[in-house]
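Q:
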Amino acid sequence: MDFINFWNPKNGDLYFNLPYAEPQKFSKDGFEEHMQVNHLAPALLSILLLPSLIRGSPSRIINVNSVMHYVGFVDTEDMNAVTGKRKYSSLLGYTSSKLAQVMFSSVLHKRLPVEAGVNVVCVSPGIVHTNVARDLPRIVQAAYHLIPYFIFSAQEG
Numbered sequence: 001m002d003f004i005n006f007w008n009p010k011n012g013d014l015y016f017n018l019p020y021a022e023p024q025k026f027s028k029d030g031f032e033e034h035m036q037v038n039h040l041a042p043a044l045l046s047i048l049l050l051p052s053l054i055r056g057s058p059s060r061i062i063n064v065n066s067v068m069h070y071v072g073f074v075d076t077e078d079m080n081a082v083t084g085k086r087k088y089s090s091l092l093g094y095t096s097s098k099l100a101q102v103m104f105s106s107v108l109h110k111r112l113p114v115e116a117g118v119n120v121v122c123v124s125p126g127i128v129h130t131n132v133a134r135d136l137p138r139i140v141q142a143a144y145h146l147i148p149y150f151i152f153s154a155q156e157g
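If you count by UniProt numbering, then the sequence shown holds residues 1 to 157, one letter each, in order.
Below is the structure:
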């Protein structure tokens with residue numbers, strides 16, 4: 001908490017770009033890692049740093065997302081995807097965490113009064129070729145390797 005108490009933004013912006021996609025694992029505190037890395041950690045840090053962001057306003061919280069959030073599904077009663085209601089896959093973990101990030105960004109933006117001077121946005125660079133598919137099923141990886149013919153590089157995105 002020392003970091004939170006003493007953090008003083010110079011430009012007032014937080015920028016989160018965490019393209020985490022791995023096989024299902026759980027953190028030491030019991031959270032599914034896609035959800036923790038892509039959504040819970042940035043959301044918690046954003047909330048903890050809100051007082052500093054307001055003091056340093058105008059400020060922005062910028063969450064870099066993915067078009068994959070369109071196929072995500074967030075079950076608020078099963079954020080860890082362990083009940084078996086939906087068969088778990090790395091793709092489900094990734095897309096669900098990205099959808100949760102969009103939902104959080106939208107709610108936080110709506111709840112912050114204009115006077116706070118903090119703008120919350122969730123942006124997608126579009127379809128960009130990165131190594132995010134490295135641990136997905138081989139059939140998905142094979143399809144993913146065709147993508148460079150249709151998309152931007154990470155530098156162009």
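Note that CB positions come from ideal geometry on N, CA and C, so glycine has one too. Note that the coordinates shown come from a computational prediction; the quantities given were computed from them, not determined experimentally.
1. For a test of the three-state rule: what should DSSP assign to tyrosine 15, helix, strand or coil?
2. How far does the alpha helix (DSSP H) with serine 106 in it reach, from first residue to last?
3. Whose CA, out of Gly12, Lys28, Cys122, lies closest to the CA of lysine 98?
4. Out of Val71, Val118, Leu92, Val102, state which residue places its alpha-carbon closest to the alpha-carbon of leucine 14.
5. Use the C-beta contact count for leucine 40: other C-beta atoms within 10 angstroms, 16 or more gives buried, fewer gives exposed.
6. Pull up the DSSP beta-bridge partners for glutamate 22, would you.
7. Kindly give me the distance between the Cβ atoms of glutamine 36 and asparagine 63, rounded to whole angstroms, as I take these residues to be in contact under 8 angstroms.
8. Closer than 7 angstroms by C-beta to valine 71: which residues in its own chain qualify, once you throw out the five before and the five after it? Chain order, please.
9. For serine 52, name the three-state secondary structure that DSSP assigns.
10. Mind checking whether phenylalanine 73 and serine 46 have CB atoms under 9 angstroms apart?
11. Whose C-beta lies closer than 6 angstroms to the C-beta of valine 120 among residues of the same chain, with five residues either side of it excluded?
12. Serine 89 and proline 51 - do their beta-carbons sit closer together than 9 angstroms?
13. Can you list, in chain order, the residues of its chain whose CB lies under 6 angstroms from that of proline 42, leaving out five sequence neighbours each side?
A: So, from the listed chains and residues:
1. For the purposes of this step, residue 15 is taken as the residue at position 15 of the sequence shown. In this structure, tyrosine 15 counts as strand in the three-state DSSP scheme.
2. Taking the sequence shown and counting its residues from 1, the one referred to as residue 106 is at position 106. 90 to 111 is the extent of the alpha helix (DSSP H) around serine 106.
3. Working through the sequence shown from its first residue, we reach residue 98 at position 98. Ranking Gly12, Lys28, Cys122 by Cα distance to lysine 98 puts Cys122 first.
4. As a working note, residue 14 is residue 14 in the sequence shown. Checked all of Val71, Val118, Leu92, Val102; the closest Cα to leucine 14 is Val118.
5. Here residue 40 refers to the residue found at position 40 of the sequence shown. Leucine 40 is buried by the Cβ-count criterion.
6. Numbered from its first residue, the sequence shown carries residue 22 at position 22. The partner list for glutamate 22 (beta bridge, DSSP) is empty, contrary to what the question assumes.
7. Taking the sequence shown and counting its residues from 1, the one referred to as residue 36 is at position 36. Taking the sequence shown and counting its residues from 1, the one referred to as residue 63 is at position 63. No, glutamine 36 and asparagine 63 are not in contact; Cβ-Cβ is about 15 angstroms, not under 8 angstroms.
8. For the purposes of this step, residue 71 is taken as residue 71 along the sequence shown, with counting starting at 1. Taken in chain order, the residues that qualify are Thr95.
9. Taking the first residue of the sequence shown as 1, we reach residue 52 at position 52. Serine 52 falls in the helix class under three-state DSSP.
10. What you label residue 73 is simply residue 73 of the sequence shown in a count that begins at 1. What you label residue 46 is simply residue 46 of the sequence shown in a count that begins at 1. No, they are not a contact pair.
11. For the purposes of this step, residue 120 is taken as residue 120 along the sequence shown, with counting starting at 1. Around valine 120: Ile61, Ser105, Leu108, His109.
12. The residue you call residue 51 lines up with position 51 of the sequence shown. The residue you call residue 89 lines up with position 89 of the sequence shown. Contact: no.
13. What you label residue 42 is simply residue 42 of the sequence shown in a count that begins at 1. So the qualifying residues of the chain are Phe16.
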